[in-house]
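**Student:**
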Amino acid sequence: MSDVKFRGNIPALLTPFTQDGEVDVPKLRAFIDYLAPQVGGLFACGSYASGPLLSDKQRRQVMEIVAEQVQGRVPVILHVGHPSTDVTLETAKVADRLGFDGISSLPPYYYHHSAQSVTDHFLRLIDAVETPVYVYHNPSLANNTVSPAQLAELAEHGLAGVKDSSANIKNFYDFIDAVDKPGFGFIIGSQTLILPALQA
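For the record, in the sequence shown the residue sitting at position 141 is 1191 according to our numbering, with numbers rising by one throughout.
1. Note down the Cα distance separating residue 1212 from residue 1224, rounded to an integer number of angstroms.
2. Considering only the beta carbon of each residue, do residue 1215 and residue 1193 sit closer than 7 Å?
3. Quick check on residue 1136: buried or exposed, where buried means 16 or more other Cβ atoms within 10 Å of its Cβ?
4. Within the same chain, show all residues whose beta-carbon is closer than 6 Å to that of residue 1051, passing over the 5 residues directly before and after it, in chain order.
5. Going by Cα to Cα distance, which pick from 1178, 1186, 1065 is closest to residue 1036?
6. For residue 1060, which three-state DSSP category applies?
7. Near residue 1132, which residues of its chain fall below 6 Å by C-beta distance, leaving aside the five closest residues on each side in sequence?
8. Nearest by alpha-carbon distance to residue 1080: which of 1236, 1063, 1140, 1095 is it?
9. Quick one: measure Cβ to Cβ for residue 1123 and residue 1086, integer angstroms, because I've assumed they're closer than 8 Å.
10. Looking at the C-beta of residue 1115, does it have a partner C-beta in chain C at a distance below 7 Å?
11. Name the residue from 1109, 1084, 1059, 1057 whose alpha carbon lies nearest to the alpha carbon of residue 1067.
This is the structure we're talking about:
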């Protein structure tokens, strides 16, 4: 299990594509090499990386390229979220084997789910892998949310942190207030809120 603490700037790693819609492998490798010396970490296969649009083959390809090209120069959180919890777990197990430093997931998105179903999704994910798990909180895209109380419950079960892209600073403050776990990672995903997030 990785004990990496994510610090500093952790930009979303964009996925470049060719004209025919395939992953542009040389550009992806070059982009990783450009970013690695300048950042504190990378967040791969998330929203800006077109993660939900990637085919299973493309997603696996991106995962393997990122793991190979980064070569441990910076820590990487890999997003594995999918509308299906089972598919999320399958992807997470591949990420676990590839040695990423963190695994992140949206709640199962598109359909509305009960709070308990969302909690169960993350409990299953935490139990399925050795890699530290992070909630990717982006309610406008996921169509589901994670409450501060849920986050605290998941932290007690082993959740490593949260990336909050709600663009709601009060929500970020509420997360911090709710979780009383040493070393828990709070990552702000909305760049316009960096200053108040750091002040918190």
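Glycine included, every Cβ here is placed at the ideal spot set by N, Cα and C.
**Tutor:** Concretely, from the data shown:
1. Position 162 of the sequence shown, counting from 1, holds the residue named residue 1212. Position 174 of the sequence shown, counting from 1, holds the residue named residue 1224. Residue 1212 and residue 1224: Cα-Cα distance of roughly 12 Å.
2. For this step, residue 1215 is matched to residue 165 along the sequence shown. For this step, residue 1193 is matched to residue 143 along the sequence shown. The answer is no: Cβ separation not under 7 Å.
3. The residue labelled residue 1136 in the question sits at position 86 within the sequence shown. Residue 1136 is exposed by the Cβ-count criterion.
4. On the sequence shown, residue 1051 is found 1 positions in, with the first residue counted as 1. Reliability fails at residue 1051, whose pLDDT of 46 lies under 50, so the model's placement of it is uncertain and the value that follows must be treated cautiously. Closer than 6 Å at Cβ, skipping near neighbours: 1180.
5. The question about residue 1036 has no answer here: the residues shown for the chain are numbered 1051 through 1250.
6. Indexing the sequence shown from 1 puts residue 1060 at position 10. Correct three-state label for residue 1060: coil.
7. Sequence index remark: in the sequence shown, residue 1132 carries index 82 (1-based). 1138, listed in sequence order.
8. The count along the sequence shown starts at 1 and reaches residue 1080 at position 30. Nearest C-alpha to residue 1080: 1063.
9. Your numbering for residue 1123 matches position 73 in the sequence shown. Your numbering for residue 1086 matches position 36 in the sequence shown. Going by Cβ atoms, the distance from residue 1123 to residue 1086 rounds to 4 Å, so yes, they are a contact pair.
10. The question asks about chain C, but that chain is absent: this structure has only one protein chain.
11. Against the sequence shown, residue 1067 aligns to sequence position 17. The option with the nearest alpha carbon to residue 1067 is 1109.
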